[in-house]
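Asks: Let me give you the structure first, and then I'll get to my questions.
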DNA sequence: GTCTATATAGCGATAGAC
DNA sequence: GTCTATCGCTATATAGAC
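Chains as they are written, first to last, in our numbering: chain X, 153 to 370; chain H, 153 to 370.
See below:
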């Protein structure tokens, strides 16, 4: 029942919490269930993290920090050339690191699903903390995308950026569950296949012209 | 504190549940909170619905039935002409009814957010019931979209359909919350504006060619 | 059909021994 | 840093009066 017996208490709690939050949600997951699964004492969560909310925050910040740093490094590298950066590459820099978390055997696939789920419901107490993790990433990428979409107003870029987040997040959330949804057509473990399909979908979507209120192209 | 005092107990419970589930999630919302908000007795939920899970199911089936029926009717109307149906119109038939729920003053906007959130996390006990609501809609629309994407294998269509669901669901979930995310650029209440942007994004995304494993177009 | 009262269980959090 | 024990509270669900 307990997992990763070689790790220290704090890490075991984080991994157990990640798994249970993903399967049951935050509200429905008790500290008792977490500590039992981690094979540690009930009081350990409050000792190491202080509260359940603080534990939730720790679950996110532990992985979101490195993930968003990687995104920014990839974007930096692209923009360092000084030339016009292709839209596909920007999208890939944003989407790739998130989906490639699935390759990390130590809980990567689980956190990816958790992140995909949480992106579409940052309400309640953890909301601020969660969104704060993207304070640097969102403006950098909207700006980079906006530079590719010449003449498209910032407001339009924000809309399309939201659509991109949604397509990516849902893909992450459904990871490991696509065989069922597709009638066996899709192999959920095919991360690179997902990227090869998602990046063009988003890139072409980003380029699409907004319809005018009367139904014509704008 | 209680809402819609003119309605009967069952309806008041459903509306209160919808609101609280949307803001706090299923696990974190207690029957006490629901009955208190509805202004009815604590025992009323179990009398009218039998259990909390059955209430959750009722919250969804009440609105998802009519919504998906409308989608199918729109698709029927498009296909009745016998001519080739434009991709944009198919996408609009799927996305439009969901986003236009926001126009229904009796809880439409709230349920839209709830639906957007739940689409990306159908895990646990309500999963089967929730997905079952789409048994007819998903195959009909994937088939219709596949007919527009001549020569694209069914597997590819399923992938892209998932991206579409994600873009739409996230838009629904973020509804009412976009001012904050966009720094005041976007008016969350602009439903038709959302549709005018989302439909082209998805349509062009659906048409995008999957990259080959070596990075070339397939 | 609505109420009070309660059974039974689980919750987050903490005090204090080791 | 880990443990037991427990406080104070809330949960879902139900029994039985009205």
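Backbone N, C-alpha and C fix where the C-beta goes; we use that ideal spot for every residue, glycine too.
1) Could you check what DSSP says for residue 153 of chain H in three-state terms: helix, strand or coil?
2) Considering just the uninterrupted stretch of the alpha helix (DSSP H) at residue 247 of chain H, what are its terminal residues?
3) Can you list the residues of chain X that residue 435 of chain H reaches, using a CB-CB cut of under 9 Å?
4) Within 10 Å of its beta-carbon, does residue 253 of chain H have 16 or more other beta-carbons around it, so buried, or fewer, so exposed?
5) Given 8 Å as the limit, is there contact between the region 306 to 326 of chain X and the region 265 to 279 of chain X, that is, 3 or more CB pairs closer than that?
6) Applying the 10 Å Cβ sphere with the 16-neighbour rule, what's the burial state of residue 235 of chain X?
7) Pick helix, strand or coil for residue 267 of chain H, following the three-state DSSP scheme.
8) Find the residues of chain X that neighbour residue 261 of chain H, judging by a C-beta separation of less than 8 Å, and give them in chain order.
9) May I ask you to list, following chain order, the residues of the region 154 to 188 of chain X that have a beta carbon less than 9 Å from some beta carbon of chain H?
10) With 8 Å as the threshold, decide whether the Cβ of residue 253 of chain X is near any Cβ in chain H.
11) Looking at the C-beta of residue 249 of chain H, does it have a partner C-beta in chain X at a distance below 8 Å?
12) May I have the straight-line CA-CA distance separating residue 153 of chain X from residue 187 of chain X, to the nearest angstrom?
13) Compute the beta-carbon to beta-carbon distance between residue 319 of chain X and residue 315 of chain H, rounded to the nearest angstrom, for a pair I have assumed lies under 8 Å.
14) Could you give the distance in angstroms between the alpha-carbon of residue 173 of chain H and the alpha-carbon of residue 237 of chain X?
15) Run down chain X in chain order and give the residues with a C-beta less than 8 Å from the C-beta of residue 285 of chain H.
16) State yes or no: is the beta carbon of residue 243 of chain X nearer than 8 Å to at least one beta carbon in chain H?
17) Report the residue from H:356, H:366 and H:349 whose alpha carbon sits nearest the alpha carbon of residue 365 of chain X.
18) Among X:166, X:310 and X:226, whose alpha-carbon lies nearest the alpha-carbon of residue 214 of chain X?
19) Among X:160, X:356, X:288 and X:343, which one has its Cα closest to the Cα of residue 260 of chain X?
20) Rounded to whole angstroms, how far is the Cβ of residue 160 of chain X from the Cβ of residue 277 of chain X, which I believe are closer than 8 Å?
21) Looking only at C-alpha atoms, which of X:292, X:332, X:286 and X:250 sits nearest to residue 321 of chain X?
22) What are the boundary residues of the alpha helix (DSSP H) that includes residue 228 of chain X?
23) My understanding is that residue 357 of chain X touches residue 354 of chain H, with C-beta atoms under 8 Å, so please give their C-beta distance in whole angstroms.
24) Mapping the DSSP letters down to three states, classify residue 363 of chain H as helix, strand or coil.
25) Can you list, in chain order, the residues of its chain whose CB lies under 8 Å from that of residue 240 of chain X, leaving out five sequence neighbours each side?
26) When you compare only the Cα positions, how much space is there between residue 200 of chain X and residue 222 of chain X?
27) Taking only three categories from DSSP, how would you classify residue 260 of chain H?
28) Which same chain residues end up closer than 7 Å to residue 194 of chain H when comparing Cβ atoms and leaving out the 5 residues on each side of it in sequence?
29) Alpha carbon to alpha carbon, how far is residue 216 of chain X from residue 210 of chain X?
30) Measuring alpha carbon to alpha carbon, tell me which of H:220, H:295 and H:279 ends up nearest residue 178 of chain H.
31) DSSP three-state call for residue 355 of chain X: helix, strand or coil?
32) Any idea if residue 225 of chain X is buried or exposed, counting beta-carbon neighbours within 10 angstroms, 16 or more meaning buried?
33) Within the same chain, show all residues whose beta-carbon is closer than 8 Å to that of residue 281 of chain H, passing over the 5 residues directly before and after it, in chain order.
34) Using a beta-carbon distance below 8 Å, is residue 237 of chain H in contact with chain X?
35) What ranges does the alpha helix (DSSP H) occupy inside the region 310 to 357 of chain X, keeping only unbroken runs of at least 4 residues that lie completely in it?
Replies: To lay it out plainly:
1) A caution first: residue 153 of chain H carries a pLDDT of 47, below 50, which makes its placement in the model too unreliable to give a value.
2) Note, residue 247 of chain H: alpha helix (DSSP H), 239 to 252.
3) Because chain H is modelled from 153 through 370, residue 435 of chain H falls outside the range shown and cannot be assessed.
4) buried
5) yes
6) exposed
7) helix
8) In chain order: nothing, as chain X lies at least about 14 Å away.
9) Here the close residues are 174, 175, 176, 177, 178, 179, 180 and 181.
10) no
11) no
12) Interpretation of residue 153 of chain X is limited by its pLDDT of 48, a score under 50 that renders its predicted location unreliable; no figure is taken from the coordinates.
13) 4 Å
14) 43 Å
15) Simply none; closest approach about 14 Å.
16) Among the residues facing chain H, residue 243 of chain X is not included, as its CB has no counterpart in that chain under 8 Å away.
17) Checking every option, the nearest Cα to that of residue 365 of chain X belongs to H:349.
18) X:166
19) Out of X:160, X:356, X:288 and X:343, X:343 has the C-alpha closest to the C-alpha of residue 260 of chain X.
20) That belief does not hold up - the Cβ atoms of residue 160 of chain X and residue 277 of chain X are roughly 27 Å apart, past 8 Å.
21) X:250
22) 204 to 232
23) 7 Å
24) strand
25) 351, 352 and 355
26) 28 Å
27) Residue 260 of chain H: helix per DSSP, three-state reduction.
28) 183, 184 and 187
29) 10 Å
30) H:279
31) helix
32) exposed
33) 209, 212 and 213
34) So no, residue 237 of chain H is outside the interface.
35) 330 to 333
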